Every structure is written in C-alpha cells, then in structure tokens.
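Asker: Here the protein sequences come in this chain order: A and B.
Its first residue numbered 1, the first sequence is counted upward by one per residue in this note's numbering.
Its first residue numbered 1001, the second sequence is counted upward by one per residue in this note's numbering.
Submitted below is the structure of interest, expressed as structure tokens.
There are 2 protein chains.
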Amino acid sequence: MPAAIHYQDVVAAAARIAPFCHRTQPVTSHLLDGIAGLRLVFKPENLQRTGSFKCRGATSAVAVLAAAGVRAVATHSAGNHGAALAFAARAHGLECHVVVPSTAPRVKQDAIEGYGARLVLCEPTLAARETTCAAVMDQTGAVLVPPYDHPDIMAGQGTIGLEMLEDTPDLDALVIPVGGGGLCAGVCIAARHLSPRIRLFGAEPLLADDARRSLAAGEIIPSTYPDTVADGLRTSVGELPFAILRTHLEDILTATEAEILAAMALIYTRLKLVVEPSGAVGLAAVLANQDRLGGLRVGIVLSGGNVDPSRLGEFFLSEPASRGRTL
Amino acid sequence: MPAAIHYQDVVAAAARIAPFCHRTQPVTSHLLDGIAGLRLVFKPENLQRTGSFKCRGATSAVAVLAAAGVRAVATHSAGNHGAALAFAARAHGLECHVVVPSTAPRVKQDAIEGYGARLVLCEPTLAARETTCAAVMDQTGAVLVPPYDHPDIMAGQGTIGLEMLEDTPDLDALVIPVGGGGLCAGVCIAARHLSPRIRLFGAEPLLADDARRSLAAGEIIPSTYPDTVADGLRTSVGELPFAILRTHLEDILTATEAEILAAMALIYTRLKLVVEPSGAVGLAAVLANQDRLGGLRVGIVLSGGNVDPSRLGEFFLSEPASRGRTL
C-alpha cells in the first residue's frame, strides 16, 4: 500500500493549523539526562491547546472539511480526540457531535462540552459507540472525523515531527507513542524527509503492544482492548498508519505498567509537567531500552496531559521517590 | 526603616544569577482568563531550576559570598531554600550544609542531596533547627545563608519582577505569595521602579495571614506555624521584607484551604503545570478577590513545583471537577 500522506501534506497541514494550534517549545532537563544517560528533548504536547496533540489532527481535518462546505462533524471518542474535534469545529464555525462512553472521565466530558460540542453518552462498548455515532450522523448530517485512520488527521499530527526537527535538527532518534498510529505515522513522514538517517521508534505499553506484534506479523493483529493504565493507547493500530509504520519504524519499544508510572512520576517531579499516563509512555520506553539508545540525542513526544486530578493518587501511590531512584 | 534594597540591587542580582538560573517564560490561558474574568499572566517559577524561585535568591547570595572568598555555606530549611542553596553552592564550588527536619518530604530531601549538599537531619522544631545549624557552622566554618531576611536574597527574588515587567510591560497588578516575604519584597522593589503605578498585592493562606495582620498592626505579629496546606508559607514575615511590604503593598489577599486546593486543581488541569500548594496561593487569592481586580491584567507568581507525587491524592481527593466548575 502506498503511503497515504507525504511530506508536502504535512507542510500543508502546518499552514492550516498555525492560526489555531500552539507551536509547543522543546523542553530539556539536565537531571533527566543524567537519569537516562542520554540527551533528551521533549515535545510537550500536554501544553498544546485542548491538552493533547489531537488538536493538530482534528484542526487539520476540520479545516479541509470547512473549506469544502461541510457544516457539521461527529466522532466517537473517549476523550482527547473528542475535545480536539470540538475545539476545531468551534474554531471553524461548525456544529460538532461527540459520542462518549458514559464511563469516560468527567474531566474529559467537561472539556468536550466546554468547547461547545454536543455530548452524546452511550454504553461503554465499541458497538454502542458506532451505532450511536451512526444515528447521530443520520439525524444531523454530520460528517465523521475519525481519530487516526485518515490522511488529514495524520498530516496534522505530523506537524509535531516538522517542529521537532526544525527546533533540534541534530536529533538522532525519535520515540513516539503508538495507539491508533496516526501520531507516529505523521511524525515518521515529516522526520524522515527532514532527516533521512534519523532512527524512528514507536512506544507502546507492553500490555498493549498490538502494533509491535502487527509489525512482526506483517499484518494488523487487533488489540483486545487491554487494561493498561495508558488508556489513550488501548486502541488497535489503523490501516493507513500501519502502512507507514512498516516502512519507517526501526522497532517499537515497550514499557511495563510500573515503568510507565515511574516515568510519569519523573515527568511530574523533574519536568514539573502534568501528563496523562499515555503521555509518559515515550519516556518509559526510552528508560526501559537505554542500552539500545546509548549516546543518542533522543526526541520524545509527551502526547497529552488530560488526567483527572482525583486519579493522581492511584498513579503515585507506592513510593514514587524510590521508584525514581531505581531508574 | 529605609528599604534594605533598591532597584539597582535587583539589576545587579540579575547579572549575577543569569549564568545559573532560567529566565522563565510567561504562561497564559484563555480558559483560565474566562474562569477568572481577568487577563492573567503567570510566572512559572515551578519551572525554575531546583523547582522554585528560591534558586534566584540563593544564587544571588552565594555569588556575593563566593566573590568575598567564603568557602562553605549552611542553612536550615524544610525544603526549597535548602535545595536552592545546595544548587547555588555547587555552581560556585562551595561546600554546603543543609539542616532539615526529619519530617520533611522525601522528595525535598532527595533534591538537596542530589545537588551535592550534606544533609543534616534534626527534630522538627525551630529550636532544634537553629541549634543544629549553629553546631554545623561551628564545626565547618560555614556562613549562614538565611531564606529571606537578607538583602542579597531579596534582590535575587526581585529579578522575577524585573522579568515580568520586561516581558509584559502593561501589567496592571501583581499578586505575589508571602511567606517570609523575601520574594514579595524583591518583586515590589523591581516592579514599582519599572511601573510606578502598578498595583501590588501579597497573597497568603487565610490560615497563615500573619503578614496581613502585621501590616494592619504596623508591626510584625509572628506566625504561630499554622497548619495550612501551603507549607511554604507557614513562616513569619521577616523584618527587612516587612519594611518594604509596608511601603509598597496595597493589600494582602487571602484564600481558604479549599480555595487553594481548587486553584491548584485548575493549574494542573488548565495549565498542565505541577505546582506545590504554596505555588497555587496567588491564583487562589485572585479568584477569591475577583471583584477587587475586575478588568485588570494581573501577573501571578507560581512560586514552586516541589511536591511529593504520593501526596497528590490527598490534595485532589474530593471532586476536583465540580470544584473547578464552581469557581
């Protein structure tokens, strides 16, 4: 399958999103470099508008639809993509309907409504989400904007790779979280063009390593919706992203649940940044694979920061200080 | 009492600390502006080296001592000043001894040792801290660097005011947390010079409003070491800072414990920044006094971000989402 997007698509997306999304600034830490034995450059997409990188893809896609005369959009999303689509739709004057499982964190439901979208709650099953979303589209004429398996979405997320290589041209490697794969695929396309010899790695929770297993098998092996704390990475890799990941990724690095929470604690205590568990998977995978990255200057995407503060207690319950020291 | 420092002292301190401390960048949020009904500009000193503004004062003071031939410094500090002094001493090649109550959070003890200082644990009483510190100085010849009641410390903290007014010259008001008062005094001196008509407010927990009561009484009324969650602001205002606060502060705004934790939750969920409870007191005081600040562009110092992740659960236990909505 030919790649669904090319470098010029990412450049075009960058122009579309520039009026609406932040250009997040690289973050570094001598302390974390010391812990990792590497030179790390973080891309803090938790500081992106709507609190995650999803703002870029949604804005990229909605801008194209708005220019084509579409008046309403819809999606089913447990969180960050829903908030991002709501934000992008409002920015372009479109109606937005977001189908959300009734079990989604209140902080994410609030964010979606806060951006002016209509929230439609459904049972927490994929079947219920798809049925409800189809009914909403039928009633309202809204166009579906999927979370990752779409060229304009991938091109939007790819702007992160563009910015990382523009800001730090001498990066030797990138480590990018893989859920549906839209972020990782877009970043691969941009980074490979700007730095042909850069080493590109995905990052997954060991409990949700469907993309790693899919790459090994040469075909998509669907995720069984695993119970990782990194809830943004539970989804299966999509077809369009998968074709790009196969071409560009050297490997997918994994991290255990304990390693993800330890990395999250390091980001809180060392970078003073709020990330959600999925946002810490890149650093966790790097720290769990230091031997493979020795001496490199590594770019890591902190993908998002939307976490319900009342859940932080459970993430940091057991001796985070000693956890930090063992790394 | 004449002011212990003047604008030129702050300018001189800025030159001393520039090689060692970050110039933190202003942070804004449309979402928080909407909640506050104000235009807010945050100074994120949680992103300062050592995780708090104390880095500035300690570096300012140590640079002066190092130039005078001093070889070792000491202090007693439950946390941020201790870490800052350790950092500053190492940066200038000085020995550093920090007396810490044995009850201080592990994350802060780790930080002090991580910066290469000798940690001396003592009983958690002021008497024990002073006695132990005196013994350490006697044994080692170290010079005491106090946390706030010192001109070079105040001048160092004042660089925050310098930067805030340079970066955002049209600020109408500043709201600065008051513990010992060194930060607030330094910022007052710098801000008043650069913007003579700026309105200057302190911020205190209602449970620890000793500086407010002292200003009302015209003399220092010592704090009774109140049990506020904002542990960095439990101390009494110092003599040198007090003389400056009397001249420049329009008032000290207060916030309840619930308001401090609600503001902390907003900073986590909206700014995606990790702050310690004391670091949230400025925003809490602003939100509790919106009527007095209506329409103004208000600068708020986020003073620090050193919080033990394992304690976050207790800070955000009770329905942070609905807390946020009621503000």
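Backbone N, C-alpha and C fix where the C-beta goes; we use that ideal spot for every residue, glycine too.
Note that the coordinates shown come from a computational prediction; the quantities given were computed from them, not determined experimentally.
Going by beta carbon distance, what residues of the same chain come within less than 7 Å of B:D1033, once the five residues before and after it are set aside?
Answerer: Position 33 of the second sequence, counted from the start, is the residue given in the question as residue 1033 of chain B. Shown here for B:D1033: same chain residues with a beta carbon closer than 7 Å to its own, the five before and five after excluded, namely R1039, L1040 in chain order.
Asker: Entirely within the segment 244 to 295 of chain A and at least 4 residues each: give me those alpha helix (DSSP H) ranges in chain order.
Answerer: 257 to 266, 281 to 287, 290 to 293
Asker: B:I1153 bridges to which residues according to DSSP?
Answerer: Residue numbering aside, residue 1153 of chain B sits at position 153 when the second sequence is read from its first letter. For B:I1153, which the question treats as bridged, DSSP gives no partner whatsoever.
Asker: Starting from A:F20, follow the beta strand (DSSP E) in both directions and report where the run begins and ends.
Answerer: Position 20 of the first sequence, counting from 1, holds the residue named residue 20 of chain A. Neither: A:F20 is in no beta strand (DSSP E) and is coded neither H nor E.
Asker: Excluding the 5 residues flanking B:L1293 on each side, which residues of the same chain have their C-beta closer than 7 Å to its C-beta?
Answerer: As a working mapping, residue 1293 of chain B is identified with position 293 in the second sequence. The answer, listed in chain order, is L1038, A1173, V1286.
Asker: By how many angstroms is the C-alpha of A:V136 removed from the C-alpha of A:L253?
Answerer: As a position in the first sequence, residue 253 of chain A is number 253, starting the count at 1. As a position in the first sequence, residue 136 of chain A is number 136, starting the count at 1. If you take the alpha carbons of A:L253 and A:V136, they lie about 38 Å apart.
Asker: Output the distance between the C-alpha atoms of A:R213 and A:A58, rounded to the nearest integer angstrom.
Answerer: In the first sequence, the residue the question calls residue 213 of chain A occupies position 213. In the first sequence, the residue the question calls residue 58 of chain A occupies position 58. Cα to Cα, A:R213 sits roughly 28 Å from A:A58.
Asker: For B:G1051, which residues in chain A fall below 7 Å Cβ to Cβ?
Answerer: Translated into positions along the second sequence, residue 1051 of chain B becomes position 51. Those within 7 Å of B:G1051 in chain A are K272.
Asker: Go through its chain and collect everything with a Cβ distance to B:R1323's Cβ below 7 Å, but skip five positions before and after it.
Answerer: Position 323 of the second sequence, counted from the start, is the residue given in the question as residue 1323 of chain B. With a pLDDT of only 36 at B:R1323, under 50, the local geometry of the prediction cannot be trusted, and the value read off the model is given with reservation. Closer than 7 Å at Cβ, skipping near neighbours: A1262, A1265.
Asker: Beta carbons nearer than 8 Å to chain A: which residues of the segment 1093 to 1119 of chain B have them?
Answerer: For the segment 1093 to 1119 of chain B, the residues whose beta carbon sits under 8 Å from a beta carbon of chain A are, in order, R1106, V1107, D1110, G1114.
Asker: Could you tell me which residues DSSP pairs with B:V1041 in its beta bridges?
Answerer: Here residue 1041 of chain B corresponds to residue number 41 of the second sequence, with the count starting at 1. B:V1041 pairs with B:G1299.
Asker: Assuming B:G1279 and B:G1304 are in contact, meaning their beta carbons sit under 8 Å apart, how far apart are those beta carbons, in whole angstroms?
Answerer: One-based indexing of the second sequence puts residue 1279 of chain B at position 279. One-based indexing of the second sequence puts residue 1304 of chain B at position 304. The beta-carbon separation of B:G1279 and B:G1304, rounded to 5 Å, stays under the 8 Å limit for a contact.
Asker: Taking Cβ-Cβ distances shorter than 7 Å, what residues in chain B pair up with A:G305?
Answerer: Your numbering for residue 305 of chain A matches position 305 in the first sequence. Under the 7 Å cutoff, chain B gives K1272.
Asker: Would you call B:R1325 buried or exposed, if buried means 16 or more other Cβ atoms sit within 10 Å of its Cβ?
Answerer: The residue labelled residue 1325 of chain B in the question sits at position 325 within the second sequence. Bear in mind that a pLDDT of 33 at B:R1325, under 50, signals an unreliable position, so the model cannot answer this.
Asker: Report the option in A:L283, A:E259, A:E276 whose CA atom is closest to the CA atom of A:V107.
Answerer: Residue 107 of chain A sits at position 107 when you count from the first residue of the first sequence. Closest by alpha carbon: A:E276.
Asker: For the beta strand (DSSP E) containing A:V100, name the first residue and the last one.
Answerer: The sequence position of residue 100 of chain A within the first sequence is 100, counting from 1. First-last of the beta strand (DSSP E) with A:V100: 95 to 101.
Asker: For B:Y1007, which three-state DSSP category applies?
Answerer: The count along the second sequence starts at 1 and reaches residue 1007 of chain B at position 7. DSSP places B:Y1007 in helix when its eight states are reduced to three.
Asker: Ignore the nearest five residues each way along the sequence and tell me which others in A:V76's own chain have a CB closer than 6 Å to its CB.
Answerer: Taking the first sequence and counting its residues from 1, one reaches residue 76 of chain A at position 76. A small fix is needed here, since residue 76 of chain A is His in this sequence, not Val. These residues qualify, in order along the chain: V99, R129, C133.
Asker: Taking only the alpha-carbon atoms, compute the straight-line gap between A:I300 and B:L1119 and give it to the nearest angstrom.
Answerer: As a working note, residue 300 of chain A is residue 300 in the first sequence. As a working note, residue 1119 of chain B is residue 119 in the second sequence. If I take the Cα positions, the gap works out to 34 Å.
Asker: Could you tell me which of B:A1203, B:E1204, B:I1189 sits nearest to B:R1197, measuring between CA atoms?
Answerer: Counting from 1 along the second sequence, the entry for residue 1197 of chain B is found at position 197. In terms of CA proximity to B:R1197, B:I1189 leads the group B:A1203, B:E1204, B:I1189.
Asker: Listing by chain order, which chain B residues have their CB less than 8 Å from the CB of A:A265?
Answerer: As a working note, residue 265 of chain A is residue 265 in the first sequence. Chain B residues near A:A265: P1309.
Asker: DSSP has B:A1074 in a bridge; who is on the other side?
Answerer: As a first step, residue 1074 of chain B is located in the second sequence; it is residue number 74 there, counting from the start. DSSP output for B:A1074 lists B:H1097, B:L1144 as bridge partner(s).
Asker: Would you give the residue range spanned by the beta strand (DSSP E) that A:L121 belongs to?
Answerer: Here residue 121 of chain A refers to the residue found at position 121 of the first sequence. Segment 118 to 122, the beta strand (DSSP E) holding A:L121.
Asker: Using a Cβ-Cβ distance cut-off of 8 Å, determine whether A:T140 contacts chain B.
Answerer: The residue labelled residue 140 of chain A in the question sits at position 140 within the first sequence. No - not a single Cβ of chain B is within 8 Å of the one on A:T140.
Asker: With 16 other CB atoms within 10 Å as the buried threshold, where does B:E1219 fall?
Answerer: Mapped onto the second sequence, residue 1219 of chain B falls at position 219. Exposed is the call here.
Asker: Below 8 Å CB to CB, which residues in the same chain sit around B:R1311 once its five sequence neighbours on both sides are set aside?
Answerer: Residue mapping note: residue 1311 of chain B aligns to position 311 of the second sequence, counting from 1. Closer than 8 Å at the Cβ level, and outside the excluded window around B:R1311, lie P1105.
Asker: Answer with yes or no whether the minimum CB distance from B:L1312 to chain A is below 8 Å.
Answerer: Taking the first residue of the second sequence as position 1, residue 1312 of chain B is located at position 312. Answer yes: the Cβ-Cβ gap between B:L1312 and chain A drops below 8 Å somewhere.
Asker: Beta-carbon of A:F20 versus every beta-carbon of chain B: anything under 8 Å?
Answerer: Taking the first sequence and counting its residues from 1, the one referred to as residue 20 of chain A is at position 20. With 8 Å as the cut-off, A:F20 does not count as an interface residue toward chain B.
Asker: Under 8 Å between the Cβ atoms of B:I1153 and B:G1182?
Answerer: Here residue 1153 of chain B is taken as the residue at index 153 of the second sequence, counted from 1. Here residue 1182 of chain B is taken as the residue at index 182 of the second sequence, counted from 1. Going by beta carbons, B:I1153 and B:G1182 fall inside the 8 Å limit.
Asker: Could you give the distance in angstroms between the alpha-carbon of A:A67 and the alpha-carbon of A:A89?
Answerer: Position 67 of the first sequence, counted from the first residue, corresponds to residue 67 of chain A. Position 89 of the first sequence, counted from the first residue, corresponds to residue 89 of chain A. Approximately 12 Å, taken between the alpha carbons.
Asker: At a Cβ threshold of 8 Å, is A:A321 touching chain B?
Answerer: Mapped onto the first sequence, residue 321 of chain A falls at position 321. Its pLDDT being 42, under 50, A:A321 is placed unreliably in this model, and the value from its coordinates should be taken loosely. Judged by the 8 Å Cβ criterion, A:A321 is in contact with chain B.
Asker: Grouping DSSP H, G and I as helix and E and B as strand, with all else coil, what is A:F315?
Answerer: Along the first sequence, one-based indexing puts residue 315 of chain A at 315. Residue state, collapsed to three classes: helix.
Asker: A:F316 touches chain B at which residues, Cβ-Cβ below 9 Å?
Answerer: In the first sequence, residue 316 of chain A corresponds to position 316, counting from 1. Chain B residues near A:F316: D1308, P1309, S1310, R1311, L1312, G1313.
Asker: Where does the unbroken alpha helix (DSSP H) through B:I1189 begin, and where does it stop?
Answerer: The count along the second sequence starts at 1 and reaches residue 1189 of chain B at position 189. From DSSP, the alpha helix (DSSP H) with B:I1189 extends over 1182 to 1194.
Asker: Give a yes or no on whether 8 Å exceeds the smallest Cβ distance from B:Y1148 to chain A.
Answerer: Start at 1 with the first residue of the second sequence, and residue 1148 of chain B comes out as number 148. So no, B:Y1148 is outside the interface.
Asker: Quick one: what's B:G1051 bridged to in DSSP?
Answerer: Numbered from 1 along the second sequence, position 51 holds the residue referred to as residue 1051 of chain B. In DSSP, B:G1051 forms no bridge with anything.
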